[in-house]
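Residue numbering for the sequence shown is 494 to 822, as defined by this note's numbering.
We put the CB at the ideal spot given by N, CA and C, even for glycine.
Predicted model, so just to flag it, every value in this text is computed and none were measured.
Just below is one structure, and these are the notes that go with it.
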Amino acid sequence: MSLERHSEKSAHRDCEICGGKAAFSAFHAKGLNEGDPAFRVIRCPDCGYGWIDPSPADHEIGRWYPKEYYGKENVRFNKVFELLTRWFRRRRASEVARRVAVGRVLDVGCGRGLILGTLKEMGFESHGVELSEDSAWHAKNKMGAIMHVGPFVETKLEPESFEAIIFWHSLEHFRDPVAALKHAHKLLKKGGLLVVAVPNSDSLQAKVFRSDWFHLDVPRHYVHFGSRSLELLLDGAGFKIETATHFCFEQNPYGWLQSAYNALEMEWNLLYTILKNRSARMTSVREHPFQAILIMALLPVLLPMSLVMTLVEAAFRQGGTIETYSFKE
Ligand SMILES: [Zn+2]
């Protein structure tokens with residue numbers, strides 16, 4: 494690994510998680526769009542926390558969240574994958590339900606709100622936070638969640654009123670995750686549950702693929718966690734970790750698979766586009782017929798490998814994503 498010492502002053506800042514001062518430039522990320530600036534991932538050697546430089550301004554970031562990011566009527570995948578993702582969400586809802594009493598639950602960055610819909614069926618009062626009316630539409634109108642639109646730390650919610658707060662792959666989209674977790678701490682009842690799932694930048698797949706790693710997702714992911722930095726963050730915000738799991742069937746095999754295609758210089762995330770839905774599939778196959786065939790031809794080899802590697806990395810506690818369950822002390 495070539496780890497050039499980070500010298501440019503413009504990006505210098507102390508680590509927000511551990512206070513370390515010796516951040517370095519870990520690598521350059523690949524742009525998502527034509528004409529993207531050359532984003533770098535800066536990392537703290539003490540706790541492993543990472544952040545991107547330059548960091549797009551609030552008024553610019555919308556450029557990396559096109560309408561398709563949420564899908565038509567917020568439906569993102571073809572039927573088979575829709576069923577699979579619904580099954581995953583049910584699993585997530587039951588992980589919450591078996592740890593807390595039925596009451597108010599809040600999903601920060603809830604997207605389509607499927608987990609909120611499931612929790613509502615289980616008797617919970619489901620609340621969600623999204624940044625825009627567009628992205629909140631499905632959770633509100635199809636899932637029946639009570640939606641709060643705007644930045645999470647500015648939401649006017651009653652302190653100490655929630656049984657559980659969920660950040661399912663949303664904390665890495667925050668500029669200031671410390672402030673986000675402090676706000677969550679304020680809103681939770683004593684003994685309340687905090688669920689945080691994030692990509693693991695210390696994972697085996699992150700180390701193997703670096704800038705080709707699917708879960709890197711720069712610049713949408715402003716900040717990057719590993720085991721150590723996530724533990725420090727949770728601890729610093731007043732949470733006690735009950736469980737931190739490195740095996741996530743929903744996220745990790747796909748991380749290996751898509752990253753392998755990215756490393757083979759396939760059109761960026763073409764497999765993801767093919768899996769998405771018919772219109773996305775037809776367009777992408779027409780534009781890249783040879784690559785689409787190659788992707789499908791390699792699938793019988795790469796898919797089993799991805800499943801095996803998911804077990805291997807979990808065994809070494811270096812899973813592609815980490816899922817944590819913590820309680821407010
Ligand atoms: Zn640090």
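Determine the extent of the alpha helix (DSSP H) in which residue i is found, giving its start and end residues.
i      : result
Trp706 : Taken as a continuous stretch (DSSP letters only), Trp706 belongs to no alpha helix (DSSP H), as it is neither H nor E.
Lys613 : 607-614
Leu768 : 763-769
Arg579 : 572-590
Arg721 : 720-729
Ser696 : Careful: Ser696 lies outside any alpha helix (DSSP H) and carries neither H nor E.
Phe660 : No alpha helix (DSSP H) holds Phe660; the beta strand (DSSP E) holding it covers 655-661.
Val801 : 782-808
Cα-Cα, which of the options is closest to residue i?
i      : options                        : result
His717 : Asn693, Phe783, His781         : Asn693
Phe617 : Phe740, Glu806, Gly637, Ala808 : Gly637
Ala673 : Gly684, Lys683, Val688         : Val688
Cys537 : Met775, Leu725, His781, Leu800 : Leu725
Val573 : Met802, Ile767, Cys511         : Ile767
Phe655 : Val598, Tyr558, His739         : Val598
Glu873 : Arg556, Leu787, Phe667, Thr738 : No answer is possible for residue 873: the residues shown for the chain start at 494 and end at 822.
Gly512 : Ser518, Glu553, Gly729         : Gly729
Ala516 : Thr738, Leu577, Cys540, His781 : Cys540
Thr578 : Glu743, Lys675, Asp551, Trp557 : Glu743
Leu624 : Phe645, Phe783, Leu796         : Phe645
Leu680 : Asp546, Glu653, Asp669         : Glu653
Leu796 : Ile659, Asn745, Ala519, Pro549 : Asn745
Arg721 : Asp710, Ala737, Tyr715         : Ala737
Lys682 : Glu651, Arg556, Phe783, Asp529 : Glu651
Arg556 : Asn571, Phe783, Gly528         : Gly528
Lys514 : Arg506, His521, Phe520         : Arg506
Ser628 : Met789, Lys523, Tyr558         : Tyr558
Phe740 : Pro670, Trp580, Leu804, Glu509 : Leu804
Glu509 : Pro670, Ser548, Phe783, Ala790 : Pro670
Arg771 : Ala550, Glu553, Asn571, Glu626 : Asn571
Ile659 : Glu588, Lys649, Thr648         : Glu588
Apart from the five residues on each side of it in sequence, which residues of its chain come closer than 6 Å, Cβ to Cβ, to residue i?
i      : result
Gly731 : His678, Glu822
Phe809 : none
Gly621 : Asp600, Cys603, Gly606, Leu609, Ala632, Ala638, Met640
Met802 : Trp749
Leu612 : Ala586, Val598, Ser619
Gly596 : Glu656
Arg779 : none
Gly543 : Val534, Arg536, Ser694, His717
His714 : Glu665
Asn755 : Asp705
Quick one: grab the DSSP three-state call for residue i.
i      : result
Lys821 : strand
Gly748 : helix
Glu623 : strand
Glu618 : strand
Gly541 : coil
Arg774 : helix
Val595 : coil
Glu509 : coil
Val601 : strand
Phe702 : helix
Phe742 : coil
Arg556 : helix
Ala519 : strand
His717 : strand
Glu758 : coil
Glu651 : coil
Asn567 : Only weak support exists for where Asn567 lies, its pLDDT of 49 falling under 50; the value from the coordinates is given anyway. Asn567 falls in the coil class under three-state DSSP.
Gly813 : coil
Short of 7 Å in beta carbon distance, which residues of its chain neighbour residue i, apart from the five on each side in sequence? Order them along the chain.
i      : result
Val691 : His662, Leu664, Glu665, Phe718, Leu723, Thr814, Ile815
Ile734 : Glu724, Leu727, Thr817, Ser819
Ser696 : Glu806, Gln811, Gly812, Gly813
Ser752 : Gln698, Phe702, Asp705, Trp706, Phe707
Glu614 : none
Arg582 : Leu607, Ile608, Thr611
His781 : Glu760, Leu763
Pro549 : Pro712
What residue does the beta strand (DSSP E) around residue i start on, and which one ends it?
i      : result
Val691 : 681-692
Ile639 : 639-642
Lys733 : 732-738
Val534 : 533-536
Leaving aside the five residues before and after residue i along the sequence, list all residues of the same chain whose C-beta is less than 8 Å from its C-beta, in chain order.
i      : result
Ser777 : Glu760, Leu763, Thr766, Ile767, Ala785
Tyr747 : Phe707, Ser799
Which residues are close to ligand 1, meaning CB closer than 5 Å to any heavy atom, in chain order?
My final list is Cys508, Ile510, Cys511, Gly513, Cys537, Asp539, Cys540, Tyr542.
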